[in-house]
Every structure is written in C-alpha cells, then in structure tokens.
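Quick note on numbering: our numbering labels position 127 of the sequence shown as 129, and the sequence is numbered without any gaps.
These notes concern the structure reproduced below.
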Amino acid sequence: VELMLPGFPSYTTYDPMTFFPYGTYVNWGPVFASIVTFSCLISGAVTRQEIIGTAVLVPPLLAALLVPLTYLIGKSLKDWLCGMTAALFIAVMPGNFFATSSFGVIDHHVAEALFGCAFVLCYLTSLRSASAANDNPGHLKNTWRVLFLSLLCGAVYVAGYLTMPTFIIFAFLVAVFTVVQSVF
C-alpha cells in the first residue's frame, strides 16, 4: 500500500520490504491492495500510522459485507431461514476466518472469501435467470437479464482472480457442475 499510494492506481509486482534485504515478487493480485490504497486516498492517510490506521479497518468492513452475501446465497439455495442461518454462522465464525477478519489484521484472505461468495451468488442468480429465460424464450427482457448477469459474473470472477490466482478453482468447480448438470 505504501508503494502504491504515491502513484495510484499503478501496482508494483516487486516488494523491496519483504525478505529483507533482497525483496520478493508479489504472488497475489492487486485488488486487495488497491481497495486499501483507495480507502487511504479517501481518508487522506499519508503517514505510515495513518495508512495503518485506515488499512486495519478494511478487512472487518469486507467481512461485514460477507454477511449479507451469505444470506442471499442461503436464500437462493433454499429459503430465508437457510439464509439467516448461513449469515449467522459467518457472523460468529471462530477460527482462521475470524482471525484474518479481525481489527488489526491486514490480510487479503477476507477479500478472497468476499469475491468467492459474490461469484457463487452471481452464478446461482444467472443460472436461475437463464432457466427462466428458457421457459419464455421470446421475452427479450429475460435475454438481456441473462446477458447482464453473465457479464457481472465474469467481472466478479476477474476481480476474484486478481485477488488470488488460485481463484481458478472456482472455474474448475463451475465446469464440473456444468458437465454434471448437463448430464442430468
């Protein structure tokens, strides 16, 4: 974030501050660092303490955004009670997720979970919309909705991939699901 802040939105793939004195190449994508840098620009943080003070707020805020997403996924899969249960579980989740989404931890793993849930929600919504469009193929509104949701799903996937390269696993899961669902 300190390297990105002076020349935002440029992103450096080399971090001289890790593995001192040699530095290392950054193996993760620029999305989380861009979110933190953008929040620093909005808040006016320029000194190291101000940057850290702003950056420690980002993971808990992203975790808070994850709660309604899990509710919508649960509601999409079953009903509102399933959504409320899922939202409750993610809100009080102990362990590693709680540790990485707590105040004071600046880690990109919460963004991975957020974009993963957002992708699953977009995918489920686009599948449901495509099913409705197949039921009424002459209706142009359904076709445009499927196209919009598919593009949104692709944009969320790209954002997730630029957060973590292992997001490719979601593409594999979608491919397997599509093949299995096509057989049935």
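Where is the CB? At the ideal position from N, CA and C, for every residue including glycine.
The structure displayed is predicted, hence computed values, not measured ones.
A47 counts as buried, since at least 16 other C-beta atoms from the protein chains shown sit within 10 angstroms of its C-beta. Going by beta carbons, Y16 and Y27 fall inside the 7 Å limit. L164 and P32 have their C-alpha atoms roughly 6 Å apart.
With a 10 Å radius around the Cβ and a threshold of 16 neighbouring Cβ atoms, L175 comes out exposed.
DSSP places T56 within a helical segment (H, G or I) once states are collapsed to three.
With three or more CB-CB distances shorter than 8 Å, the segment 147-159 counts as touching the segment 116-136.
Of M95, F169, A135, M6, the smallest CA-CA separation from L68 is found for M95.
Cβ neighbours of I92 within its own chain (closer than 7 Å, five residues either side excluded): L68, V69, T72.
Around the beta carbon of I75, 16 or more other beta carbons lie within 10 angstroms, which makes this residue buried.
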